[in-house]
Structures are given as C-alpha cells and as structure tokens.
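Take a look at the structure set out below.
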Amino acid sequence: MSATMTVHPLLRAKKRREALRNLAFLSPWLIGFGVFFAYPLISTVYFSFMKYDGFSSPTWNGTRNWSYVFNDYPFFWPALRNTLWLVVVMVTLRVAFGLGIGLLITKIKTGAGFFRTAFYLPYLAPPVAATMAFAFLLNPGTGPVNSLLGKLGLPQPGWFNDPNWSKPGLTLLALWGIGDLMVIFMAALLDVPKEQYEAAELDGTGRWSRFRYVTLPNISPIVMFAVVTGVIQTMQYYTEPLVAGKVASGVIGGSGQQFEPGYPGQSTLTLPQLVYNLGFQRFDTGSACVIALVLFALSMAFTALLMRRRNGFLSAED
Numbered sequence: 024m025s026a027t028m029t030v031h032p033l034l035r036a037k038k039r040r041e042a043l044r045n046l047a048f049l050s051p052w053l054i055g056f057g058v059f060f061a062y063p064l065i066s067t068v069y070f071s072f073m074k075y076d077g078f079s080s081p082t083w084n085g086t087r088n089w090s091y092v093f094n095d096y097p098f099f100w101p102a103l104r105n106t107l108w109l110v111v112v113m114v115t116l117r118v119a120f121g122l123g124i125g126l127l128i129t130k131i132k133t134g135a136g137f138f139r140t141a142f143y144l145p146y147l148a149p150p151v152a153a154t155m156a157f158a159f160l161l162n163p164g165t166g167p168v169n170s171l172l173g174k175l176g177l178p179q180p181g182w183f184n185d186p187n188w189s190k191p192g193l194t195l196l197a198l199w200g201i202g203d204l205m206v207i208f209m210a211a212l213l214d215v216p217k218e219q220y221e222a223a224e225l226d227g228t229g230r231w232s233r234f235r236y237v238t239l240p241n242i243s244p245i246v247m248f249a250v251v252t253g254v255i256q257t258m259q260y261y262t263e264p265l266v267a268g269k270v271a272s273g274v275i276g277g278s279g280q281q282f283e284p285g286y287p288g289q290s291t292l293t294l295p296q297l298v299y300n301l302g303f304q305r306f307d308t309g310s311a312c313v314i315a316l317v318l319f320a321l322s323m324a325f326t327a328l329l330m331r332r333r334n335g336f337l338s339a340e341d
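In this note's numbering, the protein residues as written are 24 to 341.
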C-alpha cells in the first residue's frame, strides 16, 4: 500500500513536469495568439457595442452601432458589394492568369530568365506608385491606352472615371502585379514528376488531358493556397482603390482637404476603407469595429467554404 502511494505522487510530478515543458515550448505561440489575435478580437467585439471616440471613456451603446452600419450608413452596402465583386472576379482571374503565365514560362526553351524577371518586377512596385502609374495610363482623356484603342477603332472606356469600368481597371492592375503567384505556380509545376507526363504521352493523351489529369492534381494544393490567401488579401484591399479614386477625382492630398472614398460613384469603395473612414476620420470607433467584425466573418466564411470544397481542389491522395 505504501509503495503504491509513493508511486502515484511521482507519476503526478512527472506528468506535471511534462505539461510545464510542453507549455514552455508552446508559450511563444500562445503569447502571439493572445496578444495579436485573441485580445484584438475580443476588444473589437467589446467596442462594437460601445459609444467610443478614442478619447473619452466608452459608454454602453447596445446594438445601435450595428443598426447604424446596416440601416443608416450609406456606404456600407456599396462597399460590401464591391468587396465581394473583387473577391470573386479578381481572385479568380489572378489565379488563372498566374497559373497560365507559370505554365507558359516553364515551356519556354530560350529567354525564360528574361520573361521571369519581366513578369516578376511589377510585383515589386510600391502599391501607391503602381496605382498612380495605372491611373495615368488609363486616363480617359490623355492616357496612352485609350489613345491606342482609339487608333484601333475600339471603344475607349472611362476606366477610373467610370463606375462601370473602375473595378475592371483595378483588376488589370492586380493582373499586372501577378509575379508572386507566377513564382509559386512555377515552383509547383517544376515539381510535377516527369514520369507521369511520359506515361500520359504513351497513352496518347492530348495537352488538355495531361493538364487536367496530371498537372492539376499535382498542383491542386498550391491552387487551394493561392485561392485562400487571395481571398484574405482581397478582403483587406485598401490602398489601390483609394489611390485610384483620389487620382481620378483630382484630390491628391494636402492639409485641410476632405475626401470621401469611393470615387467614381462609390465604385472603388471597399470595407477596409470604411474602417479607416469611421475609426480615424469620424472617430466612430464602435461602428468601425462593426465593419471590422463583418470583414472577419466574411473571411472566415469564405475560408470555411473553400476548405469544405477542398475535394474540388485536392486530389484523392492529398
């Protein structure tokens, strides 16, 4: 009996030491998770029910912030529609275009290094500078793109001065900086086993069949990664539409100037712009937290949907 009673405390002490050791190894992640995710998320939920301007003490506001954002704030629904449009269209085209460029460059026999550099360099351009350059190129009156289209007898869109063409203009800007996805897809494509291509050729399959049944199953995890990260990045799309709207409207900046984002006709308005506009320009922190939570919920919903549909991206072995 005494021996049994002696062993049990030793086992408990050993388990306690192992738990403390595991906790010590996990502590960097736990601290980072608590400081950079859990605490900001809990604070955002808390302030979404408060009346708070960032200076005075917060006071309970109930669901008034939520009601104001969904019912009375005129910019919320246009920004939500624009953000969802960009997520669906821009992410799809970026993934398809990046994969296409990666396939093309891996097939080039000579000059592949030049084309890799040419397609990757635009990705390194600062977002503000790149957007201002695109606003100049797509200027409906003096831009070289419309001048070329006019000489070819093609329609000349208003681009960033036309609500119907502003988001396609932003999509072209995103496709121009496709270098990040190109590099990722190139690495995945070069990792596809050549033996599978050779076996497919012996079976007499064509190029499309080889892409569908050999290439795509092997790179499907990378496609999934590109789609999920693209959705998250597009949910945070802020700089490019804001700068494009400012340049197109003629409001570049300066002290004392007020600028409502979304020019032209609220077509470049996105949800992250509303967070900044409400929280740091109008000092309505509660309403800004509501929109931040909507962004968080949408990002989680899209990611969960994509992960549930992962069988459409991943092969059976994965």
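Virtual Cβ for every residue (Gly too), placed ideally from N, Cα, C.
It should be emphasised that the depicted structure is a prediction, and the values quoted were computed from it without experimental measurement.
- request: Would you mind listing the alpha helix (DSSP H) stretches within the stretch 66 to 143 that are 4+ residues and don't spill past its ends, in chain order?
  value: 87 to 90, 99 to 108 and 114 to 130
message: According to DSSP, simplified to helix, strand and coil, what is Y220?
response: helix
message: According to DSSP, simplified to helix, strand and coil, what is I201?
response: coil
task: Hey, could you find the ends of the alpha helix (DSSP H) P264 is sitting in?
output: T262 to S272
task: Could you tell me whether the Cβ atoms of I207 and A249 are closer together than 8 Å?
output: Less than 8 Å divides the Cβ of I207 from the Cβ of A249.
task: Using only alpha-carbon positions, find the residue among R332, F325, P216 and C312 that is nearest to Y91.
output: C312
message: I'd like the span of the alpha helix (DSSP H) that includes R331, first residue to last.
response: For R331, the enclosing alpha helix (DSSP H) covers residues T308 to R331.
message: Among the candidates I245, T133 and L198, whose CA atom is the shortest distance from the CA of V215?
response: I245
task: For T194, collect the residues of the same chain with a Cβ closer than 8 Å to its Cβ; drop the 5 residues on either side in sequence, then sort them by chain order.
output: The beta carbon of T194 is closer than 8 Å to those of L109, V112, M113 and L116 in its chain, skipping five residues each way along the sequence.
message: So, under 8 Å CB-CB, I242 and A211 are touching, yes? Tell me the CB distance rounded to an integer number of Å.
response: 4 Å
task: Give me the Cα-Cα distance between D76 and D307, rounded to the nearest whole angstrom.
output: 5 Å
query: If you follow the alpha helix (DSSP H) that L172 is part of, which residue opens it and which one closes it?
result: P167 to K174
field: Segment limits, alpha helix (DSSP H) that includes S232
entry: R230 to R233
- request: Given a cut-off of 8 Å, decide if A135 and I124 are closer than it, judged by their beta-carbon atoms.
  value: no
Pairwise C-alpha distance: A42 and F60: In a straight line, the C-alpha of F60 is about 24 Å away from that of A42.
- prompt: Which residue's Cα is closest to the Cα of L107: T165, R332, L329 and S322?
  reply: S322
message: Tell me the DSSP secondary structure of R35 in three-state form.
response: helix
task: May I have the straight-line CA-CA distance separating P264 from D95, to the nearest angstrom?
output: 24 Å
- request: For S338, count neighbouring C-beta atoms within 10 Å of its own C-beta (all shown protein chains included) and say buried if the count is 16 or more, exposed if not.
  value: A caution first: S338 carries a pLDDT of 45, below 50, which makes its placement in the model unreliable, though a value can still be read off. Under this definition S338 is an exposed residue.
query: By a C-beta neighbour count over all protein chains shown, 10 Å radius and 16 as the cutoff for buried, is R35 buried or exposed?
result: exposed
Cβ pair A271, N184 closer than 8 Å: yes
task: Decide if the stretch 145 to 164 is in contact with the stretch 283 to 291; the criterion is three or more beta carbon pairs, one per stretch, under 8 Å apart.
output: As far as the Cβ criterion goes, the stretch 145 to 164 does not touch the stretch 283 to 291, which means the pair count is below three.
query: Would A327 count as contacting chain C if we go by Cβ distances under 8 Å?
result: Considering every chain present, this structure includes no chain C. It has just one protein chain.
- request: Grab me the residues of R332's own chain with a C-beta within less than 8 Å of its C-beta, minus the 5 sequence neighbours each way, in chain order.
  value: Once the five neighbours on either side are set aside, R332 has no close Cβ partner at all.
task: Consult DSSP for R305 and reduce its assignment to one of helix, strand or coil.
output: coil
query: When you compare only the Cα positions, how much space is there between L316 and T67?
result: 7 Å
query: From T252 to V118, what distance separates their C-alpha atoms?
result: 11 Å
field: Neighbourhood of I131 by C-beta, 8 Å cutoff - its chain only, sequence neighbours within 5 removed
entry: F138
query: Going by beta carbon distance, what residues of the same chain come within less than 7 Å of Q219, once the five residues before and after it are set aside?
result: V237
message: Please state whether the Cβ-Cβ distance between W83 and F72 is less than 8 Å.
response: yes
message: Short of 8 Å in beta carbon distance, which residues of its chain neighbour L64, apart from the five on each side in sequence? Order them along the chain.
response: F319
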